[in-house]
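Everything on this sheet refers to the single structure shown next.
Numbering (the UniProt record's numbering), first residue to last: 1 to 400.
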């Protein structure tokens with residue numbers, strides 16, 4: 001016998017269908033909640049099938065974001081073999097059926113049948129470091145998106161209060177710039193002070209003894225900007241309230257992003273592969289951490305082409321009869337975050353010809369008439385092959 005349990009996971013609960021062997025369902029579909037009592041009953045369900053077949057059953061389930069985390073941790077603790085499949089594969093299997101049925105019970109049954117029809121590989125644990133790294137890099141990406149949105153809102157409000165403030169400080173979003181603006185948000189509040197007072201205020205915010213000249217220059221630019229400003233006071237007090245809230249929000253985002261950045265770097269430095277991936281010109285600390293976190297254990301892929309498919313940068317194929325398409329888009333069915341990291345790595349490598357091998361390959365593709373994005377994706381494909389070789393051989397990249 002070859003027992004398996006198909007598991008359809010949803011928020012807070014799952015439906016399980018057991019098979020003692022191919023084409024032989026065992027019992028009825030079993031529903032359990034993701035709490036202690038529910039998982040305990042699922043364990044008895046597993047043990048009952050194991051006792052009947054005299055073999056330890058495998059468990060097949062779809063990747064469902066964080067919904068399946070309680071079940072996975074439970075299976076690791078006991079330990080049962082489990083297989084996590086891409087939802088796209090199960091969706092394709094459902095499409096091949098004549099009857100279109102979509103229920104949790106039917107999904108659990110279909111997942112169990114896939115175990116016998118498809119060549120599914122057991123899930124290999126990524127390890128605590130990689131799982132933590134993935135979570136942190138994704139949190140960083142999410143928080144960065146919110147930070148960018150807050151910056152856009154901040155600029156919109158600033159343009160209605162103190163538009164000439166842009167360009168006073170080298171970085172509008174530096175702590176000194178934001179904190180000064182929080183204290184003096186209008187041109188009138190700036191012009192009410194002397195040049196010396198403004199310099200002292202900036203000096204105090206900077207906190208460096210040797211910044212007197214820089215503070216004086218900023219004060220002079222600030223006063224000049226206040227004099228050019230089209231209005232002294234805003235006609236809408238609500239703008240000042242919004243500006244204060246957004247400044248505080250931006251400072252909080254900066255603090256949280258800095259903490260995440262430190263945590264990511266500290267965790268990534270525990271991995272040998274971290275330095276190996278950074279040996280490729282154009283790949284810095286953040287991109288390297290994201291690439292490692294998204295790939296996980298490299299031994300999940302026995303060929304570079306499988307890693308390319310996982311990233312979703314493999315070309316789609318379309319042919320019918322004697323016709324075969326020659327211009328195909330990439331599949332985009334893999335990890336979006338990995339694709340983004342590879343794209344950034346290629347752009348960094350091309351900038352200033354930092355990565356000469358990538359630059360040469362890019363120039364070759366452009367000379368062949370490829371469009372910019374097509375050439376960059378080709379470079380990303382090439383880059384991922386190098387990363388696969390580096391991670392499997394445990395050798396640093398050699399730039400010819």
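Glycine residues also receive a C-beta, built at the ideal position from the N, C-alpha and C atoms.
Using a Cβ-Cβ cutoff of less than 8 Å, which residues in the same chain neighbour residue i once the five nearest sequence positions on both sides are dropped?
i	result
residue 157	239, 242, 243, 246
residue 288	268, 274, 277, 278
residue 130	271, 292, 293, 296, 297
residue 251	175, 178, 179
residue 160	234, 236, 239
residue 383	280, 342, 345, 346, 349, 358
residue 80	46, 56, 57, 58, 59
residue 9	61, 62, 64, 67, 68, 71
Look up residue i in the DSSP assignment and say whether it is helix, strand or coil.
i	result
residue 335	coil
residue 176	helix
residue 62	strand
residue 31	strand
residue 79	coil
residue 135	helix
residue 186	coil
residue 12	coil
residue 276	helix
residue 314	coil
residue 67	coil
residue 282	coil
residue 23	coil
residue 18	strand
residue 223	helix
residue 298	helix
residue 398	coil
residue 271	coil
Starting from the C-beta of residue i, find all residues in its chain whose C-beta is less than 7 Å away, skip the five residues before and the five after it, and write them out in chain order.
i	result
residue 27	18
residue 380	313, 342, 343, 346
residue 281	349, 354, 355, 399
residue 433	With the chain covering only 1 through 400, there is no way to say anything about residue 433.
residue 199	215, 216, 219
At what residues does the alpha helix (DSSP H) containing residue i begin and finish?
i	result
residue 46	36 to 53
residue 265	237 to 268
residue 206	195 to 206
residue 307	304 to 311
residue 293	285 to 295
Can a CB atom of chain B be found closer than 9 Å to the CB of residue i?
i	result
residue 55	Checking the listed chains, one finds no chain B in this structure; it contains a single protein chain.
For the beta strand (DSSP E) that residue i lies in, which residues bound it at each end?
i	result
residue 232	Unbroken run through residue 232: none, as it is neither H nor E.
residue 387	First-last for residue 387: 372 to 393, but that is the alpha helix (DSSP H), not the beta strand (DSSP E).
residue 363	Premise fails: residue 363 lies in the alpha helix (DSSP H), 356 to 367, not in any beta strand (DSSP E).
If you drop the 5 nearest sequence neighbours on each side, which residues of the same chain put their C-beta closer than 6 Å to that of residue i?
i	result
residue 42	32
residue 2	21
residue 53	1, 3, 20
Residue i and residue j look like a contact to me (Cβ under 8 Å); what is the Cβ gap, rounded to whole Å?
i	j	result
residue 366	residue 375	5 Å
residue 406	residue 111	Because the chain in this structure spans residues 1 to 400, residue 406 falls outside the shown range and cannot be described.
residue 222	residue 168	5 Å
residue 139	residue 260	6 Å
residue 187	residue 162	6 Å
residue 11	residue 67	5 Å
residue 307	residue 388	5 Å
residue 108	residue 15	4 Å
Which runs of the beta strand (DSSP E), 3 residues or longer, sit entirely within the segment 137 to 170? none
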